[in-house]
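Below: one structure, written as structure tokens.
Residue numbers (full-length UniProt numbering): 1 to 658.
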């Protein structure tokens, strides 16, 4: 009997040891209720068919992507509040502690978070605030310090009027002229605002101030032809035309407040923007089931704003678990809308935005579209916008890359002839994609989207010392065109890298002279496109090397050039004065150039067994230095794949040399 029990216990332990959680079950509801394995056949599983019952079907993809997590977040927030209360009780119970006053003040600011106002957007740099807090008692209390070696957000708290009244009640005999904790003194010392310019009794709406700051510095003005308007240019009109409590307004407020609080050094994804985000999610769930609102452009734009919030967490936090969820939700909504996606310029622009977001996501992760996704994205007419037409031309690139990396996992199961035939087809498809890109580039050059080169001797010395590679830099009319040019260059490099990867996996192809010539041409083109990307760094960053608020963008110098207007014959400055280049570059240029430089870094030094490409000597080190500079300016976190493996463990002899 005892031996039987021991054997039973050992069997249970082995079963538990081999159990692996692969996420929620994808089976039908009947099989999940019975807790049996479902074969997931459609339209009905075989288990239900054998039991002669109607299969209840599978869970909706859209509902799964937008499931409510309000209870989980509120439960976690409640745990944090209990910890704060316990710490405050311990502090009050020990009056002999030297940090009693400071801890009590910090507890008050945590339990009663300050309302975000327009004044918080004028916060000083971390170094100046940190130095002043060490010498003045009236400066905000910093819970984290800023060091030159670590890049981290510094949350600051400003006393509210309620705290000021409480401090005055505790000291009734103090003179009002000598009060260091007054509201006017606190604002003036913390945010460098002259107290006589802004009346103290005016309290602007924090969310409205944050939204105005966001639209001013991140979205910019609505300029250009209607066919070239993108998501940013249609966002602000849709926001103003929406209802007060619409999901779009709540989602926009969540993103705007999150960004404004980060510029105020109060952290990313704090309690205030997270609560707005959860309210927007709840409102969206009600709008999805409405037959009219589910087809509206406003709802699709709201899902894209949710995806932007996920991008904020990816760039500034450690939360990568949900990245891509709202991209798939937007694709499901596009499929649900059907012909509504082509009824207006705004609807077509939203479809282009969904396609662009999925393209970048799949290219980064070496994934390929499913046949259903390809059908949804390809059934659109050819986009008239340059960015949309480039994305349509890039759809085959995603498929070729995904097929190549899927085949590499099983290449040793194929015969030699099968491997050689597949790699020859891959090279032919990559060459065809490059031809499509070349035709797009010729058309864009005729449309006036080509950059201008500024010689090195014509650039300010401060810009050269901050970061200029080569003998010139490139300038465009605005940041959107610069990002479009860099996107074209990086996607060309991805297509060229597929050729090098195929030749590295099947080296027998290099016995033929045409493939040796193709490899030499590929290396030359990769170097040319890499030079195009690095020459755009001064246009994006100017001469700044530290964190600079967009409100202080006039301190940053940017390169510029002049071109002749074909209609008037007058010289026109690039970047254009109407593009607000200085303010938008101070706020958003890192979002444009950082992924491009990281892509070059990753392709040149891959974290897995992919074949690297080779740049000019010293150029890769310069790119790494600019990545560190961008992290210092915008406080970006490292991408997940930056946890690099040792070079010895990645294998040797996998490179291709011409």
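For glycine and all other residues, C-beta sits at the position ideal for the given N, C-alpha and C. None of these values were measured; they are calculated from a predicted model.
One thing to note: residue 352 has its Cβ within 9 Å of the Cβ of residue 391.
Beta-carbon to beta-carbon, residue 557 and residue 474 are separated by about 16 Å, too far to satisfy the 8 Å threshold.
Annotated three-state conformation of residue 13 is helix, per DSSP. The beta-carbon separation of residue 401 and residue 498, rounded to 6 Å, stays under the 8 Å limit for a contact. For residue 592, the enclosing alpha helix (DSSP H) covers residues 581-604.
Per DSSP, reduced to three states, the secondary structure at residue 348 is helical. Judged by their CB atoms, residue 337 and residue 347 are nearer to each other than the 9 Å cut-off. For residue 494, the enclosing alpha helix (DSSP H) covers residues 479-505. With contacts defined as CB atoms closer than 9 Å, residue 257 and residue 272 qualify as a contacting pair.
For the pair residue 373 and residue 332, the Cα-to-Cα distance works out to about 9 Å. Here the region 541-551 makes no contact with the region 607-625; the two share fewer than three CB pairs at distances below 8 Å. Residue 639 has its alpha-carbon roughly 18 Å from the corresponding atom of residue 621. For residue 455, there is no enclosing alpha helix (DSSP H); the residue is found in the beta strand (DSSP E) stretching over 452-455. Residue 292: not part of any alpha helix (DSSP H); DSSP gives it neither H nor E. By the beta-carbon neighbour count (other beta carbons within 10 angstroms, threshold 16), residue 564 is exposed. Under the three-pair Cβ rule at 8 Å, the region 498-515 does not count as touching the region 585-605.
Counting every other CB atom within 10 Å of its CB across the protein chains shown gives residue 472 a total of 16 or more, marking it as buried. For residue 571, DSSP records a beta bridge to 564.
Note on geometry: alpha-carbon atoms of residue 483 and residue 630 lie some 16 Å from one another. The Cβ neighbour count for residue 13, taken over all protein chains shown within 10 Å, is under 16; the residue is labelled exposed. Excluding residues up to 5 positions away in sequence, 287, 299 lie with their Cβ nearer than 8 Å to the Cβ of residue 293 in the same chain. Counting only the Cα atoms, residue 387 lies some 10 Å from residue 349. Residue 28 carries a coil assignment under DSSP once its states are collapsed to helix, strand and coil. Taking C-beta separations shorter than 7 Å and ignoring five residues to either side along the sequence, the partners of residue 477 in its chain run 574, 575, 576, 579, following chain order. When the five nearest sequence neighbours on each side are left out, the beta carbons in the same chain lying within less than 8 Å of the beta carbon of residue 456 are those of 464, 468, 470, 471, 472, 473, in order along the chain. Looking at the backbone, the Cα of residue 48 and that of residue 33 are separated by about 12 Å. A distance of 9 Å or more separates the beta carbons of residue 539 and residue 489.
Assignment of residue 475 by DSSP, reduced to helix, strand and coil, places it in the strand class. In this structure residue 283 is in contact with residue 250, their Cβ atoms being roughly 6 Å apart against a cut-off of 8 Å. Assigned with DSSP and collapsed to three states, residue 614 falls in coil, not helix or strand.
With a cutoff of 9 Å on beta-carbon distance, residue 637 and residue 317 are scored as near each other.
Here residue 26 is exposed: its Cβ has fewer than 16 other Cβ atoms, across all protein chains shown, within 10 Å.
Under a 10 Å Cβ-count criterion, residue 412 is classified as exposed, with fewer than 16 other Cβ atoms of the shown protein chains found around its own Cβ. In this structure, the CA atom of residue 601 is about 28 Å from the CA atom of residue 442. Beyond the five residues adjoining it in sequence on each side, residue 232 comes within less than 6 Å, by CB distance, of 219 in the same chain, given in chain order. Residue burial is scored here from C-beta neighbours: residue 418 has fewer than 16 other C-beta atoms within 10 angstroms and is therefore classed as exposed.
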